[in-house]
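Chemist: Numbering of the sequence shown is given in my numbering, commencing with residue 992 and proceeding in unit increments.
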Amino acid sequence: MNGKHELTNFEIPAECCTLDVVTNNQAFYRGDSKIPGFTGLYFKDDRTFFAIYPTEGGPTVFFDGKEYAINEALTITLSKDGQSRTFRINDYGIEISYSTSPYIGVDIWSDEIDVDLFFMIAETYKDQDFYDQFTLG
992 MNGKHELTNF EIPAECCTLD VVTNNQAFYR GDSKIPGFTG LYFKDDRTFF
1042 AIYPTEGGPT VFFDGKEYAI NEALTITLSK DGQSRTFRIN DYGIEISYST
1092 SPYIGVDIWS DEIDVDLFFM IAETYKDQDF YDQFTLG
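Have a look at this one:
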């Protein structure tokens, strides 16, 4: 896929981003997706840009200018303390601290009252459905 991915904000679907993983260029815009079908999701705050998208090899995350493959053998955790959360992918040394968003979604199928991108990854990265969704081909 030539290193370019179109991403949708997990919390605000009308906000999109085109990410070039070769140049680390991120172009943000509001509106409909320009690429048909699902291409990926992102989180952005004033300190952090994090994305997850499907590749032929399975789910890949982009963080701090680098790509990392996601697989079931990793240790991925999310800790919560009120409005503050910390997402970790221990095997890669990735740690993202953030506050919950006012746009956070509610998952009617979960006991959780708020579900964000990091919660979704931490809860589903060991499920086959996750890999089916994030694998091209």
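We put the CB at the ideal spot given by N, CA and C, even for glycine.
Measuring straight from C-alpha to C-alpha, what distance separates Lys1175 and Val1012?
Modeler: The displayed coordinates of the chain run from 992 to 1128. Any statement about residue 1175 would go beyond what the structure contains.
Chemist: What first and last residue would you give for the alpha helix (DSSP H) that runs through Gln1074?
Modeler: Looking at the DSSP string, Gln1074 is not in any alpha helix (DSSP H), and its letter there is neither H nor E.
Chemist: Consult DSSP for Phe1110 and reduce its assignment to one of helix, strand or coil.
Modeler: Looking at Phe1110 - three-state DSSP - the assignment turns out to be helix.
Chemist: With a threshold of 16 other CB atoms inside 10 Å of the CB of Tyr1044, please say whether the residue is buried or exposed.
Modeler: It is buried - the Cβ of Tyr1044 has at least 16 other Cβ atoms within 10 Å.
Chemist: What does DSSP give as the partner residue(s) for Gln1017 in the beta ladder?
Modeler: Answer by DSSP bridge pairing, in chain order: Leu1010.
Chemist: Under DSSP, the alpha helix (DSSP H) around Tyr1122 begins and ends at which residues?
Modeler: Where Tyr1122 is concerned, the enclosing alpha helix (DSSP H) stretches over 1119 to 1124.
Chemist: Taking just the CA atoms, how far does Thr1091 sit from Asp1036?
Modeler: Rounded to the nearest angstrom, the two C-alpha atoms are 11 Å apart.
Chemist: According to the Cβ coordinates, are Gly1031 and Leu998 closer than 8 Å?
Modeler: A contact, by the Cβ cut-off of 8 Å.
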